[in-house]
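Below: the structure, in structure tokens.
Number of protein chains: 2
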Amino acid sequence: MRQAGAGLAAASTPARGRGDGGQASGSTREKILDVALDLFTDQGFDGTSMREIAGRLGITKPSIYYHFASKEDILLALHTRTHELSKAALSRLASQPLTLHTWGSALDELLDPMAAHRKLFLMHDRNQAAVEKLHRKDHEDEHDDFQQRLQQALADPSLSLRDRVRMACSLGAVFGCLFTAGDAFGDVPGAELGSLVRDAVRDLMTGRSAAQA
Amino acid sequence: MRQAGAGLAAASTPARGRGDGGQASGSTREKILDVALDLFTDQGFDGTSMREIAGRLGITKPSIYYHFASKEDILLALHTRTHELSKAALSRLASQPLTLHTWGSALDELLDPMAAHRKLFLMHDRNQAAVEKLHRKDHEDEHDDFQQRLQQALADPSLSLRDRVRMACSLGAVFGCLFTAGDAFGDVPGAELGSLVRDAVRDLMTGRSAAQA
DNA sequence: GTCTATAATGTGATAGAC
DNA sequence: GTCTATCACATTATAGAC
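First to last, the protein sequences are chains L and H. Note that the working numbering has the first sequence beginning at 36, numbered continuously upward. Note that the working numbering has the second sequence beginning at 36, numbered continuously upward.
Okay, here's the thing in structure tokens:
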């Protein structure tokens, strides 16, 4: 019910400065983000027009450009949010040597923010193409993207194919249960769902056909 | 190497009749499907223009309209292919009472065509929004879509939440290993990858924290 | 902070020659 | 079966009034 409807808080890039420190900014900006999150998820980033976002809010197109410099800027704001939510887990993953165990720990840490902000991560997942396009533009230097960092770990040549498959499957299990399932678990609290997924992933990582070290 | 580059064979909707039974049609049509598969996967359906597809083939936009009635028709042709590849497994799933065991069997059957045609299913997965839009138009009656049938099973109220989570995780594990991993397993033969995933899913479904019946 | 225009561009799709 | 030329339309984005 209070899943992620109005819980985007402050995080993103103002089209104009606001004077104050940039606390909880105008509520219109957050309404835009909330509506965009819904529409980008259901229809895709490219399949959603500014006019449609504005229409849902009862305002007009140019009003949005007062709060965001461009359509991509809206996506960037949402992407930044997922980035910050996954930052901690990804940093820990990068600070340790990559093993089946450290991967499991990082995934475990990642599970909480993902379960708590399913909608946000689902949008991110369903719009990989658009997000990647963003990254190519903004900073072609080091873009420590969510998906990219994980995929990089999965391709680590120092691990056996068997282990890498386990890692990919565990990641997929988390994603799949939280996202692919669609609205199948829409009314299940994030904490409960997270707990059940945690058990499943543990079996996956410690099963009798699993790793040895 | 010979993953799914030119292996789309015959399956879809000709813009014009061809006279003969509709065997292996002109090779241009299949080249279009191959290029579209790549571009739709990388840039998304909406992010890919007809001009771009034509450009890669060294032809022009209108030439494509000789082979396909519309851009959506290209997507439909690709979608139909995935539908046929998953038809058998989904039918078996629907013909049996839904349990953890029958789910596992169906998933096991589904794993083979998915591993053998990763690119095709990846495209389908990355363009859910566009595919769903197709379904709303073409036949608003009974659209037995791939994703939809699976999600429907995951929402079955006769099963416990615990079991449903297991099912979603196992499905996600398959998807995740085959798709989310990106190119991490790009050079691994489908059969080998499928075998490893099979083992992982088995652990997931029979783990000590798993079901009871 | 929101509005009414309107510019500038790219897109899907068609007509008709060859 | 492929081309050149073009239409009709939607989109992002901006200018400027209030």
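From the three backbone atoms N, C-alpha and C, an ideal C-beta is built for every residue, glycine too. These numbers come from a predicted model, not from an experiment.
Selection from the options that minimises the alpha carbon distance to residue i
| i | options | result |
| --- | --- | --- |
| K66 of chain L | L:F80, L:G82, L:S98 and L:Q78 | L:S98 |
| A203 of chain H | L:S193, L:R233 and L:H178 | L:R233 |
| L189 of chain L | H:R199, H:T215 and H:Q183 | H:T215 |
| V70 of chain H | H:R86, H:G79 and H:R91 | H:R91 |
| D108 of chain L | L:R127, L:R64, L:R199 and L:E87 | L:R64 |
| Q183 of chain H | H:S121, H:A104 and H:Q78 | H:S121 |
| S205 of chain L | H:R86, H:H178, H:V236 and H:L185 | H:V236 |
| D147 of chain L | L:Y101, L:L239, L:L231 and L:S62 | L:L231 |
| H152 of chain L | L:D238, L:G79 and L:P224 | L:P224 |
| I88 of chain L | L:V209, L:G79 and L:L74 | L:L74 |
| K154 of chain L | L:S84, L:Y100 and L:G217 | L:G217 |
| T134 of chain L | L:S62, L:D191, L:D238 and L:L72 | L:D191 |
| L145 of chain L | L:P132, L:Q131 and L:R127 | L:R127 |
| L125 of chain H | H:H178, H:F103, H:K172 and H:S62 | H:H178 |
| S105 of chain H | H:S84, H:A123 and H:E119 | H:S84 |
| V166 of chain L | L:H102, L:D238, L:Y101 and L:H118 | L:H118 |
| L72 of chain L | L:F156, L:Y100, L:Q131 and L:H102 | L:F156 |
| H102 of chain L | L:K172, L:A123 and L:S62 | L:S62 |
| Q186 of chain L | H:K172, H:G211, H:L185 and H:Q187 | H:G211 |
Classification of residue i by the beta-carbon crowding that lies within 10 angstroms, buried from 16 upward
| i | result |
| --- | --- |
| T95 of chain L | exposed |
| H136 of chain H | exposed |
| H174 of chain H | exposed |
| A219 of chain L | buried |
| G52 of chain H | Bear in mind that the predicted position of G52 of chain H carries a pLDDT of just 44, short of 50, making it too unreliable to give a figure here. |
| D180 of chain H | buried |
| A226 of chain L | exposed |
| D222 of chain H | exposed |
| R37 of chain L | No answer about R37 of chain L holds up, because its pLDDT of 38 lies below 50 and its placement is not dependable. |
| G242 of chain H | buried |
| R86 of chain L | exposed |
| R199 of chain H | buried |
| R116 of chain H | buried |
| G56 of chain H | Note on G56 of chain H: pLDDT 40, under 50, position unreliable in the model; the coordinate value appears next. The residue in question, G56 of chain H, is exposed, as its Cβ has fewer than 16 Cβ neighbours within 10 Å. |
| A39 of chain H | Confidence is the limiting factor: at A39 of chain H the pLDDT is only 39, short of 50, which leaves the residue's position unreliable, though a coordinate-based value still follows. With 16 or more other Cβ atoms within 10 Å, it is buried. |
Endpoints, alpha helix (DSSP H) assigned at residue i
| i | result |
| --- | --- |
| P148 of chain L | L135 to A151 |
| F103 of chain H | Looking at the DSSP string, F103 of chain H is not in any alpha helix (DSSP H), and its letter there is neither H nor E. |
| R233 of chain L | G225 to T241 |
| D69 of chain H | S62 to Q78 |
| F181 of chain L | F181 to L189 |
| S193 of chain H | Note, S193 of chain H: premise wrong, no alpha helix (DSSP H); not H, not E. |
| I88 of chain L | M85 to L92 |
| D131 of chain L | A small fix is needed here, since residue 131 of chain L is Gln in this sequence, not Asp. Note, Q131 of chain L: premise wrong, no alpha helix (DSSP H); not H, not E. |
| A165 of chain H | Q163 to D173 |
Expected contact under 8 angstroms - CB spacing of residue i and residue j to nearest Å
| i | j | result |
| --- | --- | --- |
| L68 of chain L | A112 of chain L | 6 angstroms |
| L213 of chain L | M158 of chain L | Wrong, their Cβ atoms sit about 12 angstroms apart, outside the cutoff. |
| E164 of chain L | G229 of chain H | The amino acid occupying residue 164 of chain L in the given sequence is Ala; Glu does not appear at that position. Going by Cβ atoms, the distance from A164 of chain L to G229 of chain H rounds to 26 angstroms, so no, they are not a contact pair. |
| T76 of chain H | R161 of chain H | 6 angstroms |
| H114 of chain L | L194 of chain L | Not a contact, Cβ separation roughly 28 angstroms. |
| R208 of chain H | G207 of chain L | Position check: residue 208 of chain H holds Ala in this sequence, whereas Arg was assumed. Contact holds; Cβ gap of about 5 angstroms. |
| G9 of chain L | M240 of chain L | In the structure displayed, chain L extends from 36 to 248; residue 9 of chain L sits before or after that span and is not available. |
| A245 of chain L | R201 of chain L | 6 angstroms |
Contact set between residue i and chain L, taken where Cβ atoms lie within less than 8 angstroms
| i | result |
| --- | --- |
| V232 of chain H | V200 and C204 |
| A164 of chain H | D77, Q78, G79, G82 and R161 |
Chain-ordered neighbours of residue i on chain L, where CB pairs are closer than 7 angstroms
| i | result |
| --- | --- |
| L189 of chain H | A216 and A219 |
| G211 of chain H | A203, C204, L206, G207, A208, F210 and G211 |
Where residue i meets chain H, residues with beta-carbon distance less than 7 angstroms
| i | result |
| --- | --- |
| R197 of chain L | L231 |
Neighbouring residues, chain H, relative to residue i (Cβ below 8 angstroms)
| i | result |
| --- | --- |
| L239 of chain L | C204, A208, A235, D238, L239 and G242 |
| G139 of chain L | Those within 8 angstroms of G139 of chain L in chain H number zero; the least Cβ separation is about 13 angstroms. |
Under 9 angstroms by beta carbon: chain H residues contacting residue i
| i | result |
| --- | --- |
| Q186 of chain L | T215, A216, G217, D218 and A219 |
Residues that residue i contacts on chain L, provided the C-beta gap is smaller than 9 angstroms
| i | result |
| --- | --- |
| A245 of chain H | D234, A235 and D238 |
| F70 of chain H | According to the sequence as given, residue 70 of chain H is Val; it is not Phe. Going along chain L, no residue has its Cβ under 9 angstroms from V70 of chain H, so there is no contact; the nearest lies around 16 angstroms. |
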